[in-house]
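The opening position of the first sequence corresponds to residue 18 in our numbering, with each subsequent residue numbered one higher. Okay, so here's the structure we're looking at.
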Amino acid sequence: MEKEKDNFFQRVHEVARTIPVGRVTTYGAIAAHLGAPKSSRMVGWAMNNSHGTDVPAHRVVNRLGMLTGKAQFTSPTEMEERLRAEGVVVKEEKVVDFEALFWEPI
DNA sequence: GTTTTGACGTAGC
DNA sequence: CGCTACGCCAAAA
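Quick look at the structure:
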């Protein structure tokens, strides 16, 4: 059986999919969970690939709690709208009480 | 095969 | 307090 070479993306997708509703996490946290805290950029890349999958990319923000990836969504407001729909308050493209809503991949 | 870029992070000024 | 620069790794051109 062929091994999945996309383990990096697959791994990111798997972790991101584990994010509970109403919670958010950071690229660095996911990257660190994968064992590559410096590959935080790759997480964003993986998320871009995850567009169209079960991966809630809107729950992933940078360590500042800023919705840096909103521009990559179908609509730049979709990310904020989705987060609000899950109970996450977004202000100035940033997550309010970010550290309180921050969820670390287990 | 080399160069550029990219949804980040940290450090420096 | 805000911007610049560098690092880091992987994919696309």
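Glycine included, C-beta positions come from ideal geometry on N, C-alpha and C.
What is the DSSP secondary structure of Lys111, counted as helix, strand or coil? Numbered from 1 along the first sequence, position 94 holds the residue referred to as residue 111. DSSP places Lys111 in strand when its eight states are reduced to three.
Ordered along the chain, which non-local residues of its own chain (more than five positions away) have a Cβ less than 8 Å from that of Glu19? Taking the first sequence and counting its residues from 1, one reaches residue 19 at position 2. Here the model assigns Glu19 a pLDDT of 47, short of 50, so the residue's position is not dependable and the matter cannot be decided.
Could you pull out every residue in the same chain whose Cβ sits closer than 8 Å to the Cβ of Val41, ignoring the five residues on either side in sequence? Within the first sequence, the letter at position 24 stands for residue 41. Around Val41: Arg76, Val77, Val78, Gly82, Leu100, Val105, Val112, Phe115, Leu118, Phe119, Trp120.
In terms of DSSP beta bridges, what is Thr42 paired with? Here residue 42 corresponds to residue number 25 of the first sequence, with the count starting at 1. Looking at the DSSP assignment, Thr42 forms a beta bridge with Val77.
What are the boundary residues of the alpha helix (DSSP H) that includes Ala102? As a position in the first sequence, residue 102 is number 85, starting the count at 1. Unbroken alpha helix (DSSP H) run through Ala102: 95-102.
Who are the near neighbours of Pro37 in its chain, counting only those whose CB is closer than 7 Å to its CB and skipping five residues on each side? The residue you call residue 37 lines up with position 20 of the first sequence. Answer for Pro37: Trp120, listed in chain order.
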